[in-house]
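Chemist: If you read the protein sequences in the order shown, they are chains R and H. For the first sequence, our numbering assigns the number 1 to the initial residue and increments by one for each residue that follows. For the second sequence, our numbering assigns the number 415 to the initial residue and increments by one for each residue that follows.
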Amino acid sequence: MPLARHDLAACYYEVKGADMGPAGSEFSSGIQPAMCLPNRLKSVHSRLPRINPPLLAYLLLATFAVALQPATGQNPSPSFDDLAARAAAARDQQNISLALDLYAQAEQLRPDWAEGWFYLGLLRYQANQFPQAIDGFNHLIQLQPTAVPAIALRGLCEFETADYDDSLRDLEMAVAHGAANEPRNAQIIRFHLAQLLARANRFQDALEQYKFFATEHVDSPDLSLGIGLAGIRVTTLPKDVPAQDRPLFQQAGEAGYAVLAEESERGDALFQALFSQHPSTPNLHLFYGFLLFPHDPSLAVDEFRSELGVAPANETGHAMLAFSLMITGRYAEALPEAEHAYAASPTLQMAQLALGRSLAETGEIQRGTDLLNQVLQKDPNNLEAHLGLASIYSRTGRREDALRERAVCLKLPR
Amino acid sequence: MRSVNARSASSSLVSLSVAFCLVVLAGSCDTGQAQSAAAPVTCATCHVGVAAHYAVAPMRHAMEPAGADPQLTAHPELRANVGKYSYRIQTSDGRSTYTVTDGVNTVTLPIRWIFGQHSQTFVLEKDGHLYESLVSFYPRDNTLAVTPGDERIVPATLTQAMGRELSLWESRSCFNCHATGVVPGHQLDPEKLAPGLDCQRCHAGAQQHMADASRNSFATLPPSLRRLDSEEISAFCGQCHRTWDTVVRNHWKGPAFVRFQPYRLGNSKCFIGNDKRISCLACHDPHQQLSHDQAYYDSKCLACHRAPHPASATSSPPASPAYKPCPVAKSNCVSCHMPKVDLPGGHQQFTDHQIRIVRPGEPYPD
């Protein structure tokens, strides 16, 4: 379903601004937090002891209220009004089965009633009827393609039905458009999204999501397990990890959590213990290196070197080592690693950048410049490529080109 | 570390005594004698002049050990109030203590490491953790005030009011630029570091060279830094003074970052990497004291901004081209083109190394 980013953002911020919806509207008062969480999700979250019970549906609904204004602006028929009112009353009384039945009848009369589809989706979600909930959200999203809260809820349902690729698409889109900006929504959405990102081999992106919990000092064994899996680059979902494998991932996750929470000394101690207990386990040093890189690339270099000592064929290790050496300005050292990484993965941007800059800074200006320009062809806003070109042009006396590249660097968005 | 190692005009007694020792050592070499068995070989044994000058250079004193700091000795009692906390630094008998109190509870710690020769920030140790003092000493105003970069910290506890806990990587980074002996891949042990920057901090391999030279072998010379081009020099000095790349990668903006000179110089329209007339080393000799005489720098500017020699007007372009001379003045160039910028907090000024035509009322250029 093609969704224009600016449309989604506009919708989201509009409803965010509306907060709880019009005073006295049924949208703002009709949903009680306690009834919003399906049992299954409750059980997931009961394992996150320091996470507040998620008020996801309640909050999403609150932000959604304005977006649920009737699509056509026509007055509903009397029988429709009656059904809608009775459905709301049943919902208020937590008579879920009756509410579902009444909403379904109302939708038969008026299939373009967005609010009805939302409640159908929501109540089925609460009742662990995930395929049916997805159907309700599908109808709603068809009517209102920019309904970010519904996309988020559909993503959570898809997670439960093991439609992981769809779930990842929906949750990622929802987060990109602000669904996780509300801290209480953030926990449930980010936790599921992080698991899916790791499952999709996007470990760094997964750790970015997990970092939210460390920053907020939200901790639990489930989170540690997820962080450990993403850190050691395992695509298995936490729920599928065999019991005998859990301690290693859990331990790695605790170490990673500490570093993500900027408890550097504790994190370092936990990682050192991990290294001594599991000296030949691949990706442990790589994990620590990844975590150290934003703080001190030179420390990351040491970890990537250690990783290659454990697993010499670790291509990610070679690429990260090359990139880190390039970032620290150790171009001559970076060069052989970058050549290795580039030979293994010629389309890997990190390898292109590391090799391009290292070549240029060590004298092979043309080949280096070509590689950096190759990066820019696919990613015109790549800061590292522009930084590299600025340096090369400066060193070769191309003043105007250097000034231009520097100006580009300074204007690039974060 | 956010402390600043701009040099004080006055040299310290410690520095002078070190210089004296170095000169004495060097003198024995200059007399043509073989190295005495009793006299250890140092860099100064051969490099007499540079070692003597460097002994009082700012980088040599980027960190002072406890009890060796002339500024604190000259100000034995410093006090400040920041928020609800009161700070006091007392120095006597070569010991300095740092005290913070909220009126009910008090923490007093010895000052273990003093970062900077001019404005100074203190590194404290408490319960095995290192902290950057929340207040620093500013000699311009002879006062204690909030450490640069910590202005937004609102301490919730006395320990937080004492200082900002340093992460492992911050500690390494701080000591690596203010001391000598941080070993990559090894745990940081500040006790084992030499305060300030020794020769080998910049001249990698100096120890080996010294050992070999004492046996009349000169096969292992440290890599020459003279051969670096201006970009490479900026990158080299920028390891501590911050490179253009580092600042841009971190999206650092505003006057607080005027103190990162290689970045500011790189912003200058006249900076170009293949011209050695515009580089850190074109104007500054890191082995020497910093000159605060504005006229001293005129020759550096005029090396480029000079009237073309009449003879060159019709010949091929010279290797060192001339650029447009200043229509206003021929002296004290930096007074106009490298203005002083106040750092946030108002207790320090830095020379902006973004060389430019400064127009009245224009904002600080990022």
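We treat Cβ as the ideally placed atom computed from N, Cα and C, and that holds for glycine.
1) CA-CA distance, Glu400(R) and Leu410(R)?
2) How would you list, in chain order, the residues of chain R whose beta-carbon sits under 8 Å from the beta-carbon of Ile686(H)?
3) Give me the Cα-Cα distance between Leu439(H) and Pro454(H), rounded to the nearest whole angstrom.
4) Chain R beta carbons: is any one of them nearer than 9 Å to that of Trp666(H)?
5) Can you tell me where the beta strand (DSSP E) holding Asn495(H) begins and where it ends?
6) With a CB to CB cut of under 6 Å and the five nearest residues on each side skipped, what residues in its chain are close to Gln622(H)?
7) Which residue wins for smallest C-alpha separation from Ser79(R), given the options Arg110(R), Ser97(R), Leu100(R)?
8) Nearest-angstrom Cα distance between Glu776(H) and Leu412(R)?
9) On the three-pair Cβ rule with 8 Å, is the stretch 540 to 551 of chain H touching the stretch 574 to 590 of chain H?
10) I'd like to know whether the C-beta of Val755(H) is nearer than 9 Å to at least one C-beta of chain R.
11) Whole angstroms is fine: what's the gap from Asp302(R)'s alpha carbon to Ser705(H)'s?
12) Residues in the stretch 282 to 304 of chain R with C-beta within 9 Å of chain H's C-beta atoms, listed in sequence order?
13) Return yes when the Cβ of Gln195(R) is within less than 9 Å of the Cβ of Gly228(R), no when it is not.
14) Indicate whether Phe304(R) and Leu353(R) have their beta-carbon atoms separated by less than 9 Å.
15) Kindly confirm or deny that the stretch 231 to 247 of chain R and the stretch 259 to 279 of chain R touch, where touching means at least three C-beta pairs closer than 8 Å.
16) Tell me which residues share the same chain as Ala174(R) and place their Cβ nearer than 8 Å to its Cβ, disregarding the 5 neighbours each side in the sequence.
17) Tell me where the alpha helix (DSSP H) around Lys738(H) begins and ends.
18) Give the residues from the stretch 586 to 604 of chain H that approach chain R closer than 8 Å (Cβ to any Cβ), ordered along the chain.
19) Tell me whether Pro637(H) is buried or exposed, calling it buried when 16 or more other Cβ atoms sit within 10 Å of its Cβ.
20) Touching or not, the stretch 505 to 523 of chain H and the stretch 641 to 654 of chain H, by the rule of three or more beta carbon pairs under 8 Å?
21) Could you compute how far the alpha carbon of Gln762(H) sits from the alpha carbon of Asp756(H)?
22) Listing by chain order, which chain H residues have their CB less than 7 Å from the CB of Arg414(R)?
23) Can you find a CB in chain H that lies within less than 9 Å of the CB of Asp268(R)?
24) Identify the contact partners of Gly329(R) in chain H, using a Cβ-Cβ distance below 7 Å as the criterion.
25) Leaving aside the five residues before and after Pro479(H) along the sequence, list all residues of the same chain whose C-beta is less than 6 Å from its C-beta, in chain order.
26) Measure from the alpha carbon of Gln534(H) to the alpha carbon of each residue in Lys690(H), Asp555(H), Ala743(H), then state which is nearest.
27) Counting along the chain, where does the beta strand (DSSP E) carrying Ser550(H) start and finish?
28) Are the beta-carbon atoms of Cys613(H) and Tyr468(H) separated by less than 9 Å?
29) List the residues of chain H whose Cβ lies closer than 8 Å to the Cβ of Ser324(R), in chain order.
30) Does the separation of the CB atoms of Leu602(H) and Ser585(H) fall below 9 Å?
31) Taking a contact to mean a Cβ-Cβ separation below 9 Å, would you say Ala559(H) touches Gly759(H) in this structure?
32) On a Cα-Cα basis, can you pick out the residue from Ala476(H), Val514(H), Arg493(H), Gly563(H) that is closest to Gln531(H)?
33) Would you identify the three-state DSSP class for Val597(H), choosing helix, strand or coil?
34) Counting only beta-carbon separations shorter than 9 Å, does Lys738(H) have a partner in chain R?
35) List the whole-angstrom C-beta distance separating Leu171(R) from Leu207(R), where the pair is believed to meet the contact cut-off of C-beta under 8 Å.
36) Using 8 Å as the Cβ pair cut-off and three pairs as the minimum, do the stretch 281 to 290 of chain R and the stretch 305 to 325 of chain R touch?
Modeler: A quick look at the data gives this:
1) Cα-Cα distance, rounded: 15 Å.
2) Going along chain R in sequence order, the residues near Ile686(H) (Cβ under 8 Å) are Ser394, Gly397, Arg399, Ala402.
3) Confidence in Leu439(H) is poor, its pLDDT being 30 and thus under 50, which makes the residue's placement unreliable; the coordinate value appears in the next sentence. Each residue's Cα considered, the two are about 8 Å apart.
4) With respect to chain R, the C-beta atom of Trp666(H) has no partner C-beta closer than 9 Å.
5) Asn495(H) -> beta strand (DSSP E) spans 491 to 496.
6) The answer, listed in chain order, is Thr634.
7) Nearest neighbour of Ser79(R) by Cα position, chosen from Arg110(R), Ser97(R), Leu100(R), turns out to be Arg110(R).
8) The alpha-carbon atoms of Glu776(H) and Leu412(R) are separated by roughly 23 Å.
9) A contact exists between the stretch 540 to 551 of chain H and the stretch 574 to 590 of chain H.
10) Judged by the 9 Å Cβ criterion, Val755(H) is not in contact with chain R.
11) Going from the Cα of Asp302(R) to the Cα of Ser705(H) covers about 39 Å.
12) Listed by position, the residues of the stretch 282 to 304 of chain R near chain H (Cβ gap below 9 Å) are Leu292, His295, Asp296, Ser298, Leu299, Val301, Asp302.
13) In this structure, Gln195(R) does not lie closer than 9 Å to Gly228(R) by Cβ.
14) No, Cβ-Cβ distance for Phe304(R) and Leu353(R) is not below 9 Å.
15) When Cβ pairs closer than 8 Å are counted between the two stretches, the stretch 231 to 247 of chain R is seen not to touch the stretch 259 to 279 of chain R, the count staying below three.
16) In chain order, Val148, Pro149, Ile151, Ala152, Gly155, Ala180, Ile189 place their CB closer than 8 Å to the CB of Ala174(R), counting only its own chain and leaving out the 5 sequence neighbours on each side.
17) It is not in any alpha helix (DSSP H) - Lys738(H) carries neither H nor E in the DSSP assignment.
18) Residues of the stretch 586 to 604 of chain H with a C-beta atom less than 8 Å from some C-beta of chain R are Arg586, Ser587, Pro598, Gly599, listed in chain order.
19) By the 10 Å Cβ count, Pro637(H) comes out exposed.
20) In short, these stretches do not touch, since the Cβ pair count stays below three.
21) Between the C-alpha atoms of Gln762(H) and Asp756(H) there is a straight-line separation of about 6 Å.
22) Chain H residues near Arg414(R): His665.
23) For Asp268(R), the answer is yes, since a Cβ of chain H falls inside 9 Å of its Cβ.
24) Near Gly329(R) (Cβ distances below 7 Å), the residues of chain H are Ala649.
25) Excluding residues within five positions, the ones whose Cβ falls inside 6 Å are Pro609.
26) Ranking the options by Cα distance to Gln534(H), first place goes to Asp555(H).
27) Element bounds for Ser550(H): 549 to 552.
28) Cβ distance < 9 Å, so Cys613(H) and Tyr468(H) count as in contact.
29) Per Cβ cutoff of 8 Å: no residues; Ser324(R) is ~12 Å from chain H at best.
30) Yes, the Cβ-Cβ distance between Leu602(H) and Ser585(H) is below 9 Å.
31) In contact: Ala559(H) and Gly759(H) (Cβ atoms closer than 9 Å).
32) It is Ala476(H).
33) It is coil, neither helix nor strand.
34) False, the Cβ-Cβ gap to chain R never drops below 9 Å.
35) Contact between Leu171(R) and Leu207(R) is absent: CB atoms are separated by about 16 Å, not below the 8 Å threshold.
36) Yes, the stretch 281 to 290 of chain R is in contact with the stretch 305 to 325 of chain R.
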